[in-house]
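Residue numbers (the working numbering): 1354 to 1544.
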């Protein structure tokens, strides 16, 4: 019997998603704690659309998720072994790390920061989505800034309608968003 992730992400749907993202579209998908809004992180126009949908200022920066670290690596400055040993045990999982951004990481992703927020997702559908698309995705909660995030397909469709291509699926059991920790300072930015 196919998993929910593979049942939702048929090859035809993946082709449709890939085209939608290539055109600068925004998608919504389930994550560990809520629905997330996502897009191709290399597409400035799509990132700006997410920021407008949320009413979120660009200077705050955004989170990127991947199925594995190799999808996030282009956005991150090289890490030494000691740094990697701090991060690796927490992934895949609901731990987002602020890592030094690669010089090529666009300002529209990192905001006013020199770091980039990244997570190797443990959510089966989100991870499968990144794997099938062959790339990292922007991942920010599906809500207006400061409001409660959508926790279901129905809530997400009600919030964003046809402005977002919403994937059906279930969110994880976490009630709180991912923890965010700064690698260089050790500070927990969000518990």
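All C-beta atoms, glycine included, are put in the ideal place defined by N, C-alpha and C. Keep in mind the model is a prediction, meaning the values are calculated, not measured.
Take residue 1463, set aside five residues on each side of it, and the residues of its chain with a beta-carbon closer than 7 Å to its own are 1414, 1454 and 1469, in chain order.
In the three-state scheme derived from DSSP, where H, G and I count as helix and E and B as strand, residue 1461 is classed as helix. Here residue 1444 carries a coil assignment [DSSP, helix/strand/coil].
The beta-carbon distance between residue 1387 and residue 1490, rounded to whole angstroms, is 15 Å. This is too long to meet the 8 Å contact definition. Separation of residue 1404 and residue 1398 (C-alpha to C-alpha, rounded to the nearest whole angstrom) is 10 Å. Annotation for residue 1479: the continuous alpha helix (DSSP H) segment containing it runs 1477 to 1486. Nearest C-alpha to residue 1430 among 1450, 1512, 1396 and 1420: 1450.
Here DSSP, grouped into helix, strand and coil, assigns residue 1515 to helix. Between residue 1478 and residue 1536 a beta carbon distance of about 27 Å is seen, past the 8 Å cut, so the two are scored as non-contacting.
Under the DSSP assignment, residue 1543 falls in the beta strand (DSSP E) whose first and last residues are 1541 to 1543.
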